[in-house]
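In my numbering, the protein residues as written are 30 to 485. Ideal placement from N, C-alpha and C gives every residue a C-beta, glycine not left out. It should be emphasised that the depicted structure is a prediction, and the values quoted were computed from it without experimental measurement.
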């Protein structure tokens, strides 16, 4: 049978896709059933070593077995527990004792998401390190800074890249913070009260969590709180939007009339019919997938407000939203790494574009100098605005227009004006700011490495 979803064959890494296969999810659910059994044993509610029996007999259960059993039960977790009961001998009578479906489902999700977040974080860390290196390499490469799509003031490519470094560091912080609220087990029964286990509920929970390496939710209904899933999708949507922002920059700056960057070297097929084209297809893919992830957020937020101790209105869409969010974000990170790996930088185009407005890009620098000479800021602004407008209309250099202006020429020498209108002289604290952002990111990376070295 052909694949229906592109995530099965086109997007995402093999390691990420594997986590969300039916086989892997089934394996995690069986592991949770075994951990529950171990908790029951610890509390004296099931025979010793039945948890091992669950692990062994569970190996023979396949997704297709669940499908056949579900035709009878109309319930996927019910199908799993029925098969375990049938195949686990004397221990089968204690399978799922006192538990509810989402004890198994939500705890299995935590196990899968723990591994998925590690993949996402490691790729984000790699992307940050690449960007830090590129920012340092191009720290002094001057280019036009643009606001509203218009030439604003000069910046450097290293400064521009350092902004992305800072933004990605903040996303890494969000993901690390999220883990403590998201990666938690839920073993508490039908409405969350642990009623089936009497006064031994905490004992059952503690032993199950110990085996799984999880912390429990402090309290729950029949299901784990859905705010953590919504927070996951929100964090993913923010990171996706940041990745898109960088991708849009590559797309915009690769326009032939700008030509400062290009996504990849020529030689690959850009168009099926126009041999000259080299399209920014990876950057466009990032934009397309970012739109998809953001679209998942509304449903994730709506899943928080379920009826009473729960209803089932979240279940169907979560089967789609959770794996798709992680696999799509994984693909976006992979594509972003490939974009940076093949990125071409064209300094000569950056210099050409700096000169495009014939010096007008330094109008603020001249205004600031006049204020320093005693001209009120609003008057200096209006005066230079008029000069800039005339220079633009007459298509002459801003320098020439300034030299011919009585007020400016009376206050500044030609060499002073020439110095003011050099882009390299009006970069502010670009290097210190970029290095501050890189230091911030390096501290975040150090924190990440410290936390996960303890995990390992």
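Residues near residue 209 by beta carbon distance below 6 angstroms, same chain, minus five either side: For the purposes of this step, residue 209 is taken as the residue at position 180 of the chain shown. Cβ neighbours of residue 209 beyond the five flanking positions: none.
Assumed close pair residue 477, residue 154 - CB separation to whole angstroms, cut-off 8 angstroms: If you number the chain shown from 1, residue 477 lands on position 448. If you number the chain shown from 1, residue 154 lands on position 125. Taking 8 angstroms as the upper bound for CB-CB distance, residue 477 and residue 154 are in contact here, some 6 angstroms apart.
Note the first and the last residue of the continuous alpha helix (DSSP H) segment covering residue 173. Against the chain shown, residue 173 aligns to sequence position 144. Where residue 173 is concerned, there is no enclosing alpha helix (DSSP H), although the beta strand (DSSP E) it sits in stretches over 171–176.
Determine, using beta-carbon pairs with one atom in the stretch 129–140 and one in the stretch 242–261, whether at least three such pairs fall under 8 angstroms. yes
With respect to the beta strand (DSSP E) encompassing residue 183, which residues constitute its N-terminal and C-terminal limits? Translated into positions along the chain shown, residue 183 becomes position 154. 179–185 is the span of the beta strand (DSSP E), which, as asked, contains residue 183.
Mind checking whether residue 266 and residue 322 have CB atoms under 9 angstroms apart? As a first step, residue 266 is located in the chain shown; it is residue number 237 there, counting from the start. As a first step, residue 322 is located in the chain shown; it is residue number 293 there, counting from the start. A contact, by the Cβ cut-off of 9 angstroms.
Would you report the Cα separation of residue 459 and residue 397, rounded to the nearest angstrom? What you label residue 459 is simply residue 430 of the chain shown in a count that begins at 1. What you label residue 397 is simply residue 368 of the chain shown in a count that begins at 1. Going from the Cα of residue 459 to the Cα of residue 397 covers about 18 angstroms.
Would you tell me roughly how many angstroms separate the C-alpha atoms of residue 461 and residue 60, rounded to the nearest one? Taking the chain shown and counting its residues from 1, the one referred to as residue 461 is at position 432. Taking the chain shown and counting its residues from 1, the one referred to as residue 60 is at position 31. Near 51 angstroms, if we compare the C-alpha coordinates of residue 60 and residue 461.
Which same chain residues end up closer than 6 angstroms to residue 237 when comparing Cβ atoms and leaving out the 5 residues on each side of it in sequence? On the chain shown, residue 237 is found 208 positions in, with the first residue counted as 1. 64, 65, 68 and 216, listed in sequence order.
Under 7 angstroms Cβ to Cβ from residue 105, same chain only, skipping five residues before and after it: list those, please. Here the question's residue 105 lines up with position 76 in the chain shown. The answer, listed in chain order, is 95 and 99.
Does the separation of the CB atoms of residue 454 and residue 180 fall below 9 angstroms? Numbered from its first residue, the chain shown carries residue 454 at position 425. Numbered from its first residue, the chain shown carries residue 180 at position 151. Not a contact, by the Cβ cut-off of 9 angstroms.
For residue 79, count neighbouring C-beta atoms within 10 Å of its own C-beta (all shown protein chains included) and say buried if the count is 16 or more, exposed if not. Looking up residue 79 in the chain shown gives position 50. Residue 79 is buried by the Cβ-count criterion.
Collapsed DSSP secondary structure at residue 441 in the structure displayed: On the chain shown, residue 441 is found 412 positions in, with the first residue counted as 1. Residue state for residue 441 is assigned as coil, using DSSP reduced to three classes.
Checking contacts by CB at 9 angstroms: is residue 475 closer than that to chain B? Included in the structure is just one protein chain, with no chain B present.
If the criterion is Cβ atoms closer than 9 angstroms, does the pair residue 319 and residue 350 meet it? For the purposes of this step, residue 319 is taken as the residue at position 290 of the chain shown. For the purposes of this step, residue 350 is taken as the residue at position 321 of the chain shown. Cβ distance not < 9 angstroms, so residue 319 and residue 350 don't count as in contact.
Does DSSP put residue 335 in a helix, in a strand, or in coil? Residue 335 sits at position 306 when you count from the first residue of the chain shown. Three-state DSSP puts residue 335 in coil, outside helix and strand.
Determine which residues share a DSSP beta bridge with residue 245 and list them. The sequence position of residue 245 within the chain shown is 216, counting from 1. 214, per the DSSP bridge assignment.
Rounded to the nearest angstrom, what separates residue 222 and residue 281 at their Cα positions? Residue 222 sits at position 193 when you count from the first residue of the chain shown. Residue 281 sits at position 252 when you count from the first residue of the chain shown. Between residue 222 and residue 281, the C-alpha separation is close to 56 angstroms.
Could you check how far apart the C-beta atoms of residue 184 and residue 467 are, in whole angstroms? I think they sit under 8 angstroms. The residue given as residue 184 occupies position 155 in the chain shown. The residue given as residue 467 occupies position 438 in the chain shown. Actually they do not touch by this definition, with Cβ atoms about 16 angstroms apart.
How far does the alpha helix (DSSP H) with residue 263 in it extend, from its first residue to its last? Within the chain shown, the letter at position 234 stands for residue 263. Run containing residue 263: 256–282, per the alpha helix (DSSP H) assignment.
How about residue 45 and residue 148: do their beta carbons lie closer than 9 angstroms? Numbered from its first residue, the chain shown carries residue 45 at position 16. Numbered from its first residue, the chain shown carries residue 148 at position 119. Result yes, Cβ atoms of residue 45 and residue 148 sit closer than 9 angstroms.
Rounding to the nearest angstrom, what Cα-Cα distance links residue 262 and residue 268 in this structure? For this step, residue 262 is matched to residue 233 along the chain shown. For this step, residue 268 is matched to residue 239 along the chain shown. Going by the C-alpha atoms only, they are around 10 angstroms apart.
Please tell me whether residue 71 and residue 233 are closer than 9 angstroms, where the distance is taken between their beta carbons. As a first step, residue 71 must be located in the chain shown, where it is residue number 42. As a first step, residue 233 must be located in the chain shown, where it is residue number 204. Result yes, Cβ atoms of residue 71 and residue 233 sit closer than 9 angstroms.
Considering only C-alpha positions, which residue in the set 445, 354 and 404 is nearest to residue 36? By one-based count along the chain shown, residue 36 stands at place 7. Selected option, being the one with the closest Cα: 354.
Terminal residues of the alpha helix (DSSP H) in which residue 414 lies: Here the question's residue 414 lines up with position 385 in the chain shown. Its alpha helix (DSSP H) spans residues 406–423.
Residue(s) in a DSSP beta bridge with residue 291: The sequence position of residue 291 within the chain shown is 262, counting from 1. Residue 291 is bridged to 373.
Touching or not, the stretch 106–116 and the stretch 45–59, by the rule of three or more beta carbon pairs under 8 angstroms? yes
Check this for me: beta carbons of residue 449 and residue 434, under 9 angstroms apart or not? Locating residue 449 in the chain shown gives position 420, counting from the first residue. Locating residue 434 in the chain shown gives position 405, counting from the first residue. No, the Cβ-Cβ distance between residue 449 and residue 434 is not below 9 angstroms.
Tell me which residues share the same chain as residue 330 and place their Cβ nearer than 7 angstroms to its Cβ, disregarding the 5 neighbours each side in the sequence. As a first step, residue 330 is located in the chain shown; it is residue number 301 there, counting from the start. Only 259 meet the Cβ criterion.
Pick from 288, 418 and 62 that is closest to residue 140, judged by C-alpha positions: Sequence index remark: in the chain shown, residue 140 carries index 111 (1-based). Answer by Cα proximity: 62.
Range of the contiguous alpha helix (DSSP H) that encloses residue 159: Counting from 1 along the chain shown, the entry for residue 159 is found at position 130. Segment 130–166, the alpha helix (DSSP H) holding residue 159.
Reference residue 272; option with closest CA among 418, 446, 115 and 197: For the purposes of this step, residue 272 is taken as the residue at position 243 of the chain shown. The candidate whose alpha carbon is nearest that of residue 272 is 197.
Distance between residue 204 and residue 362 (C-alpha atoms, nearest Å): What you label residue 362 is simply residue 333 of the chain shown in a count that begins at 1. What you label residue 204 is simply residue 175 of the chain shown in a count that begins at 1. Each residue's Cα considered, the two are about 14 angstroms apart.
Can the beta-carbon of residue 292 be found less than 9 angstroms from the beta-carbon of residue 270? By one-based count along the chain shown, residue 292 stands at place 263. By one-based count along the chain shown, residue 270 stands at place 241. No, the pair does not count as a contact, with Cβ atoms beyond the cut-off.
Consult DSSP for residue 88 and reduce its assignment to one of helix, strand or coil. Numbered from 1 along the chain shown, position 59 holds the residue referred to as residue 88. Correct three-state label for residue 88: coil.
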